[in-house]
Structure formats: C-alpha cells, structure tokens
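Undergrad: This is the structure I have questions about; it appears just below.
Residue numbers (the numbering used here): 88 to 338.
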C-alpha cells in the first residue's frame with residue numbers, strides 16, 4: 088500500500104455545487120500526506136500563489152477552505168470546470184484549470200516570485216513591479232505545447248469507440264487537416280490512431296481506429312483523465328504526435 092500511495096503526484100477535482108466555500112481532497116491523497124502537520128497549503132498557478140488553510144476531520148480527510156475562495160474568484164471558476172493539482176512536495180501544489188470543453192484555460196502570468204503579505208497570505212505579484220526572475224511556475228512539459236483533456240466515460244471503452252477532440256483545439260491547431268495522430272503513452276510506447284473528420288457544417292474531429300487498443304493497454308477506466316499534449320504536427324506526413332498524461336480517477 089505504501090508503494091501505491093507514494094505514486095500519487097496528481098489528482099483532479101471537478102467543481103461541483105458548494106465548491107466556492109471549500110474543496111474536499113481525495114481520500115487516497117489525504118492518506119498519503121497524513122503525516123504533514125501544517126495547517127496551510129500553498130497553491131500556485133499562472134495567476135499567482137495562494138496560501139490556503141487545510142482543514143482536517145476526525146477521519147483524516149482534508150479540504151481546502153480559508154483562502155480557497157480567493158483562488159476561485161481569481162480564476163473565475165464555475166460549476167463544471169476542473170482543476171488538476173500537481174503535488175510538488177509537503178503541501179505545495181501547482182494547479183492547472185480546465186473548462187468544460189476540456190481545454191486548459193490560458194492565463195497571463197502575473198508573477199515570477201511569490202510575495203507574502205503582512206497577514207501571512209500570498210498574493211499574485213503586482214504586474215507593475217519589475218520582475219526579479221523569469222521562472223515558469225509549471226513543468227515545462229505542460230506549458231509549451233497546446234493541450235486538452237478528456238475524462239473517460241463508459242462509451243470510451245468499446246471497441247468501436249471514438250474520442251472527440253475539442254473543436255476549438257482542432258481548429259486552432261489544424262488537427263482536422265491530418266489523417267492520423269500518434270499517441271505516446273506514459274511508458275513512451277506509441278500508438279497510431281486514425282482520425283475521423285466530418286466537415287459537413289461544423290467541423291468535427293474524432294480519434295477512432297487504434298484508440299481502443301490504447302485504452303486497454305493503459306488500463307483506463309471511467310473517471311480517469313487523459314491530458315493530450317501536442318508535441319509536433321507534420322503537414323507532409325499528415326500525422327500529429329501527442330504525449331498523453333493519465334490521471335487516475337479519485338477512489
């Protein structure tokens with residue numbers, strides 16, 4: 088069990104009614120960090136850094152509370168959005184915000200170093216200040232390339248299943264001009280997946296033949312989230328290479 092818990096570096100939370108006041112953390116993650124005694128979590132995004140009180144109940148479950156509303160308001164979160172958390176040590180997190188279309192929200196970076204206020208809270212750096220360093224807050228593999236996310240549903244598990252690529256992502260990156268996409272899983276194995284493009288009216292682009300093999304081999308299940316990072320697109324060969332990050336559904 089210890090080995091399994093040690094691998095939990097990411098989790099995601101879908102914004103449901105009541106998320107403005109607090110955000111419950113997954114039980115498996117709470118178990119992993121139960122030895123952490125701090126009452127505060129540090130949550131960092133492209134919009135800044137927030138110090139959020141971490142509340143615990145008698146069963147060891149945790150939630151983000153005081154200070155969480157500031158994060159919600161700054162990012163304009165709504166029901167149906169979801170936040171991907173990357174645990175980077177102790178109770179420090181990188182946070183990535185996705186909207187219901189499964190595309191990551193783009194925010195202008197407003198800070199380079201976190202600044203602590205007089206009340207002990209962290210705030211985004213004032214954009215009028217001169218930066219002292221240019222340090223990206225996200226892992227480089229997640230911020231240089233266009234990407235989108237798809238939450239696995241029952242219909243993704245069938246042999247003839249299709250995965251729809253968000254229309255905005257397909258249009259912006261000209262995915263619909265390609266005949267196939269190569270998916271590279273976390274083990275670096277590559278999977279050739281055919282694209283089905285429908286151009287009647289609104290252009291729709293879906294991954295089809297080859298997807299089911301990827302799904303089975305990576306042992307995907309309902310609720311898991313796949314984040315597709317576009318590495319390169321070759322107009323000559325008519326294919327796209329995407330790295331796929333897989334985040335297990337909360338238990």
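Glycine included, C-beta positions come from ideal geometry on N, C-alpha and C.
1. In the DSSP assignment, what are the bridge partners of residue 97?
2. Please tell me whether residue 256 and residue 190 are closer than 7 angstroms, where the distance is taken between their beta carbons.
3. Of the choices 115, 243, 252 and 172, whose alpha-carbon is the least far from that of residue 146?
4. So what does residue 181 bridge to, in DSSP terms?
5. Just to confirm the assignment, what range does the beta strand (DSSP E) spanning residue 291 have?
6. Using the DSSP secondary-structure output, state which residues sit across from residue 271 in a beta bridge.
7. Can you list, in chain order, the residues of its chain with a C-beta nearer than 6 angstroms to that of residue 310? Leave out the 5 residues immediately preceding and following it.
8. Pull up the DSSP beta-bridge partners for residue 234, would you.
9. Residue 262 by DSSP, collapsed to three states: which one?
10. Please state if the CB of residue 183 and the CB of residue 171 are separated by a distance shorter than 7 angstroms.
11. Would the segment 327-335 count as touching the segment 264-272 if we require 3 or more Cβ pairs under 8 angstroms?
12. Taking 6 angstroms as the limit between beta carbons, can you name the residues of its chain near residue 233, skipping five residues before and five after?
13. What's the call for residue 303, buried or exposed, on a 16-neighbour Cβ count within 10 Å?
TA: Once the coordinates are examined:
1. Residue mapping note: residue 97 aligns to position 10 of the chain shown, counting from 1. Within the DSSP secondary-structure output, residue 97 pairs in a beta bridge with 173.
2. As a position in the chain shown, residue 256 is number 169, starting the count at 1. As a position in the chain shown, residue 190 is number 103, starting the count at 1. A contact, by the Cβ cut-off of 7 angstroms.
3. Counting from 1 along the chain shown, the entry for residue 146 is found at position 59. Checking every option, the nearest Cα to that of residue 146 belongs to 115.
4. Taking the chain shown and counting its residues from 1, the one referred to as residue 181 is at position 94. Under DSSP, the beta-bridge partners assigned to residue 181 are 131 and 173.
5. On the chain shown, residue 291 is found 204 positions in, with the first residue counted as 1. 291-294 is the span of the beta strand (DSSP E), which, as asked, contains residue 291.
6. Taking the first residue of the chain shown as position 1, residue 271 is located at position 184. Looking at the DSSP assignment, residue 271 forms a beta bridge with 277 and 330.
7. For the purposes of this step, residue 310 is taken as residue 223 along the chain shown, with counting starting at 1. Here the set comprises 336.
8. Along the chain shown, read from residue 1 onward, the residue named residue 234 stands at position 147. In the DSSP output, where bridge partners are listed per residue, residue 234 has 316.
9. Mapped onto the chain shown, residue 262 falls at position 175. In this structure, residue 262 counts as helix in the three-state DSSP scheme.
10. To locate residue 171, count along the chain shown from 1; it is residue 84. To locate residue 183, count along the chain shown from 1; it is residue 96. Cβ atoms of residue 171 and residue 183: closer than 7 angstroms.
11. Yes, since at least three Cβ pairs between the segment 327-335 and the segment 264-272 fall closer than 8 angstroms, the two stretches touch.
12. For this step, residue 233 is matched to residue 146 along the chain shown. Correct list, in chain order: 260 and 317.
13. Stepping through the chain shown from its first residue, residue 303 is reached at position 216. With fewer than 16 Cβ atoms within 10 Å of its Cβ, residue 303 is classed as exposed.
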